[in-house]
Every structure is written in structure tokens, then in C-alpha cells.
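Have a look at the structure below, then the notes.
Chains as they are written, first to last, in our numbering: chain A, 163 to 383; chain B, 163 to 383.
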């Protein structure tokens, strides 16, 4: 029996918070599989993540999974449904621009590979890096970027350059056919409407941490 | 005139999504200040971030800022209110454990310093790193961690070790007096109730990107 990700098929995406929570559900369900479990209940997942069970059930419903009363969700099918909804069972080629510390950290982040992200080339302005390999990925000079991106037919770029170069590099990438940018810089990129930008912003997490630590200190005094 | 962050003073925190959005508001208001503007409207901020104006006004209200009809929010006061609410106008000392690529990237991330995060020491198991400095921060051996953390009286730790060491290092940190952990590993840490954990998870952002790229591909075909 296959569970089709119905909402995706109808081009009706789930809410952003739901999509953001799916990877944490996947972690827990994969752990359950490793422990040999066949079923997992929404309540168990909810307890683990300190969420309401109704929230978990609503979120998982977008993947098309169907639970069994009193037994919960079948573990293998649930993993397949989440991966299918997120398209993590398909391979997506990407290039990475900016092979500094953050870029190198991302090149070595095994989770991405596991989820189909295949970084096929990296680019960096530093001449001494050109021709080397970082975590198995070949680094090219920035001058070769446009030619290589076009030749590879890649549509996704991961941007880890210093902020002051972000817009220029983004423009060049889009000229070369890039249609989606995963932006790790602190710059709000200006892009044409057909280009997707997903911005990672560590200061959001830091804001939450700051407020929590502030409340903790207030309770201590 | 001072705008007191009323909700914080009453220990009634704003919602998590609100707190997460505050840094992006701050970016925009700081840019307005650099352009010499005295007031900025909620609508202008909303347009820039593709949010509803009512959402922006509700979010900003938690900081205690008061807008002026037809003129909007006073720029300087708004910056002060957001920084005060997030406690970014105060210095917070922290240690970083795991001076690999990601750790080094975080040590060099200027935004954190600007917002009061002061990393006073780094720890790494690699012997050749002990005694060196990375982006101005001294690196110590992991054996020195407990003594140094206690001596420094630091309560916040940034965790960038490989996943397999995360729980052990976290336990040692908590024994040494750490009360908040910014967790960049893929491990869900087990900690006593008094300890705060803020988990950064790149796979959430990757999930959103994957779904957006999937919709883009579906539209193209």
C-alpha cells in the first residue's frame, strides 16, 4: 500500500511551521525503526518533542500517512511518507559558493547527503583553494563559476560568501541558470520573482536563546 | 522617554515565532537609521519582509514600543526597545566547545558580538589546537573544560562537537555550572529541568527549501 503525499500532488503546500517540524518527526520515527518498532503513536512523538498530540497528528496528515486506531502510525510507511513529501527520496544537485569555515562545515554535513542533497562543486575566490577537494567536493575558482554551473545544469546554490559579496554572486548565479538559493549570508538578496531564496538566520535562534536565558536569570534573582 | 519592555518585566514572554521575527525587524530598522530616517511605519517593515502589517505591529508591541499615528515608529527608540527586549544591549559570556569548521565559523560571526555574545574560551579535543587562538578566542584542551568553565563562571555554552560526543560533553558542562546550551549538533540532549537547550537544526531550513523547490519544479512541468 502506498501513501501518496496528496497535498503536494495538488500543489497545495503545508504551512511553513508544519514543514519545519517534519524533520524532527523523521528523526524520532527513524530511531523507532532502529529499535525494531513497527508502530509509533502521535502521543509518543508529541511527548518527545514537547508538542500537543493534536499538532503532531495534523502535521503528519499533510504527508498522506494514515494511522491505525490504538496502534498509531506504521513506522516504515511514515518514514517513506515524510521523505516523499519533503522530496528527500530524490537527489537534488547543488553548488556551494564560499568554501570558508561555514561552507566547509556544510560540505561535511552528512545529514544533507542522506536527504538527497548532492553538492557537485564548490567555488571560492581564494586561488590556493582552486583544484583542491573539501570533504570530497572539488573546489573551483570563482571565475569558473558561471561556466561550471551552466555546464552542470544545476539549479540550486548554497551561498556562504561574506555578506559584501552576496548580491553580486547571487546575480551571477541567477544569470547562469540558478533558480533557488539557500542563503547563509546576512544579506536580504534581491532576486527576480522566479527565483526561490531560503534564508538561514542564526540570529533568530540566538534571539530565542537570549529571551530564554533572560527569563532564567529573572527567575534566579 | 524610555520604553520599558513591559512583557519581559512581568516574565510573560512573547510567542516563539514573534521572538524569532524580531531580529529581521531590527535589521530593517537599523538600515532605516543608517539612511537617516527618524520614523518607520509597520507597513514598510511588513512589505520588506512579506508579512501582514497587523502581524508586524502585534510583534513589535511586545517590546513596549509605541507608534505615532501616520508617522509610524520612532527609529532610535524602536532599535532600543528590540535590543532591550532581546537583552542584546547586555553582554552575555559564553564558551564554545568543538572548534571544528562550524565552531570556527561561529567564532568569527560578527553579528553575535554586536548583540552582546562574548565568547570567552573555546575547547577542542585536538591537541594541536590547544593554546592557539581562533578569531581572537583562545582554544583550550577538552581536559581543561570543567576547570575553566567553573573559574570563568560562564553559564552559556555553544555546542559544536560531533554528534557522538554531544551528550557526554553536555553532561560535563552542566556539572561545571552551565545552565544554557546552544546545541548545533543533531542530538536531542537529555538535560535536567533547570537547563535551557536551544537546538539549531539546519534540516528545518532544508525541509522548507526542498518543498519550495519541489513546487517550483511542479510548476515548470
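All C-beta atoms in this analysis are idealised placements derived from N, C-alpha and C, irrespective of residue type, glycine included.
Bear in mind that the values here come from a model prediction, so they are computed numbers and not experimental data.
Looking at the DSSP output, residue 234 (chain B) shares a beta bridge with B:230.
Closer than 7 Å to the CB of residue 266 (chain A) there is at least one CB belonging to chain B. Residue-level contact check: residue 378 (chain A) touches chain B, since one or more beta carbons of chain B fall below 7 Å from its beta carbon. Taking residue 294 (chain B) as the centre and dropping the five residues before and after it, the same chain places the C-beta of 301 closer than 7 Å to its C-beta, in chain order.
Sequence-ordered contacts of the segment 297-325 of chain B with chain A read 317, 318 [C-beta pairs closer than 8 Å]. Beta bridge pairing from DSSP links residue 258 (chain B) with B:284, B:320. Residue 240 (chain A) has its alpha-carbon roughly 11 Å from the corresponding atom of residue 190 (chain A).
Exclusion of the five residues before and after residue 362 (chain A) leaves 346 as the residues of its chain whose Cβ lies within less than 6 Å of its Cβ. The DSSP-derived three-state label of residue 222 (chain A) is helix. At least 7 Å separates the beta-carbon of residue 299 (chain A) from that of residue 321 (chain A).
As a beta-bridge residue in DSSP terms, residue 360 (chain B) pairs with B:344. For residue 197 (chain A), not one C-beta of chain B is nearer than 7 Å to its own C-beta. With contacts defined by Cβ atoms closer than 7 Å, residue 319 (chain A) and residue 304 (chain A) do not form a contacting pair.
Of the residues assessed, residue 245 (chain B) falls on the buried side of the cut-off, its CB having 16 or more other CB atoms within 10 angstroms.
Within chain B, no C-beta atom comes less than 9 Å from the C-beta of residue 208 (chain A); the nearest is roughly 14 Å away.
From the listed residues A:176, A:203, A:261, the smallest Cα separation to residue 226 (chain A) is found for A:176.
Taken through DSSP and simplified to helix, strand or coil, residue 314 (chain A) comes out as helix. The beta carbon of residue 338 (chain A) sits closer than 6 Å to the beta carbons of 308, 311, 312 from its chain, once the five residues preceding and following it are set aside; these are given in chain order. Residue 325 (chain A) has its alpha-carbon roughly 10 Å from the corresponding atom of residue 350 (chain A). Here residue 224 (chain A) is not near residue 204 (chain A), since their CB atoms are 7 Å or more apart. Judged by DSSP in its simplified three-state form, residue 303 (chain B) adopts strand. For residue 332 (chain B) and residue 188 (chain A), the gap between their C-alpha atoms comes out near 24 Å. Per DSSP, the beta-bridge partners of residue 202 (chain B) are B:235. The beta-carbon separation of residue 317 (chain A) and residue 342 (chain A), rounded to 6 Å, stays under the 8 Å limit for a contact.
In this structure, the CA atom of residue 258 (chain B) is about 28 Å from the CA atom of residue 285 (chain A). With its beta carbon less than 7 Å from one in chain A, residue 360 (chain B) belongs to the interface.
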